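First the structure, in the form of structure tokens, and then the observations on it.
Numbering (UniProt numbering), first residue to last: 1 to 194.
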């Protein structure tokens, strides 16, 4: 019975994702002006609060997909001012990590990670027993590995939620600050140059 529910949820998620992609592609082909960079930037400039809310929701839900946050942050740099983007991104790190932590066993992430990353899970378990906060923060800082994996491991090992969230936000906060403020400065310089 439990397996059937998971399959239903997976199919619903897949069909929803396919519908979003199909609608987006249709809009792109039939109304290409909507996707011109200056129009996108103007839309988000005129609707900053709504845009940041959408960014928050997408960034929070990203945790379920195990997609790294880097592409979403880089896209955000193109359309949002740095400070609001950084603050909303940090809130999204907290919400995404909390959801992953609390729902890890419900969505059977344990099976996924043990099947796809058994060596890393074993190493992390040994490391976490020694220095929890440092390992969580360092893992969140490394851009090529999903922070959600360390959050999952923390959930399975019953590391306190506050410690997990603090570590993830420190690591993600540092790397995202580099991306956001460095990227905004670089983008500004490029726009002035051209």
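By construction, the Cβ of each residue, glycine as well, lies at the ideal position given by its N, Cα and C atoms. Computed from a predicted model, the values in this text were never measured in an experiment.
- In summary, residue 46 is exposed, with fewer than 16 beta-carbon neighbours lying within 10 Å of its beta-carbon over all protein chains present.
- Residue 171 and residue 141 do touch by the CB rule: their CB atoms are close to 4 Å apart, below 8 Å.
- By the C-beta density criterion, residue 39 is exposed, having fewer than 16 other C-beta atoms within 10 angstroms.
- Shown here, residue 42 sits in a helix according to DSSP, grouped into three states.
- Around the CB of residue 83, fewer than 16 other CB atoms lie within 10 Å, so the residue is classed as exposed.
- Relative to residue 133, the option among 165, 126 and 104 whose CA is nearest is 165.
- By the criterion of a C-beta distance shorter than 8 Å, residue 77 is surrounded in its chain by 85, 179, 180, 183, 184 and 187, once the five residues flanking it on both sides are discounted.
- If you check the CB distance, residue 99 and residue 136 do not come in under 9 Å.
- Counting only the Cα atoms, residue 125 lies some 12 Å from residue 114.
- When the beta-carbon positions are compared, residue 80 and residue 52 come within less than 9 Å of each other.
- Around the beta-carbon of residue 44, 16 or more other beta-carbon atoms lie within 10 Å, marking it buried.
- Shown here, residue 106 sits in coil according to DSSP, grouped into three states, outside any helix or strand.
- Counting only runs that start and end inside the segment 118 to 190, the alpha helix (DSSP H) elements of at least 4 residues fall at 118 to 130, 132 to 141, 147 to 156 and 161 to 177.
- The beta carbon of residue 174 sits closer than 6 Å to the beta carbons of 141 from its chain, once the five residues preceding and following it are set aside; these are given in chain order.
- For residue 67, no alpha helix (DSSP H) encloses it, and the DSSP letter there is neither H nor E.
- A distance of 9 Å or more separates the beta carbons of residue 162 and residue 150.
- Of the residues assessed, residue 153 falls on the buried side of the cut-off, its CB having 16 or more other CB atoms within 10 angstroms.
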